[in-house]
Amino acid sequence: MAIKSETKTLQLTFVDGISKNVSYSISNPKADLTKATVDTAAKAIVDSKIFATTEGGNLTALKSSQIVTRKVETLE
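Heads up: the sequence shown at position 14 corresponds to 14 in UniProt numbering, and the numbers run straight through without jumps.
Next up, the structure:
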């Protein structure tokens with residue numbers, strides 16, 4: 001089997017004003033991301049109040065962050 005493609009996605013899960021999870025996925029994150037860098041960016045997102053949910057209002061905190069790698073292999 002040969003790897004046909006490999007993609008990476010940064011998944012950020014925030015909580016809103018009623019503790020409901022809100023997730024965002026960002027394709028092709030930088031290879032050198034650190035937890036500190038992601039936490040700083042997430043804090044800026046929360047502080048700027050640029051995202052809000054219909055029911056829970058503004059995002060209040062970052063709950064989790066992870067990089068997901070997806071590999072697709074061709075059967076030969």
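The C-beta atom is built at its ideal place from N, Cα and C for all residues, glycine as well.
Cβ-based neighbour list, residue i, same chain, cut-off 7 Å, excluding 5 preceding and 5 following
i: K4; result: V72, E73, T74
i: A44; result: none
Sequence-distant residues of its chain with Cβ nearer than 6 Å to residue i (five each side left out)
i: S27; result: T9
i: F51; result: L59
i: V38; result: S65
Neighbourhood of residue i by C-beta, 8 Å cutoff - its chain only, sequence neighbours within 5 removed
i: T7; result: S27, N28, T69, R70
Nearest residue (CA-CA) to residue i, options the options
i: E55; options: A2, D16, L12; result: D16
i: A36; options: S65, E76, A2; result: S65
i: D47; options: V38, N58, T53; result: N58
i: T53; options: N21, S25, Q11, T34; result: N21
i: S19; options: D32, K63, Q11; result: K63
Residue i in three-state terms, based on DSSP
i: I18; result: coil
i: L75; result: coil
Entirely within the stretch 16–69 and at least 3 residues each: give me those beta strand (DSSP E) ranges in chain order. Listed in chain order, the beta strand (DSSP E) runs fully inside the stretch 16–69 are 21–27, counting runs of at least 3 residues.
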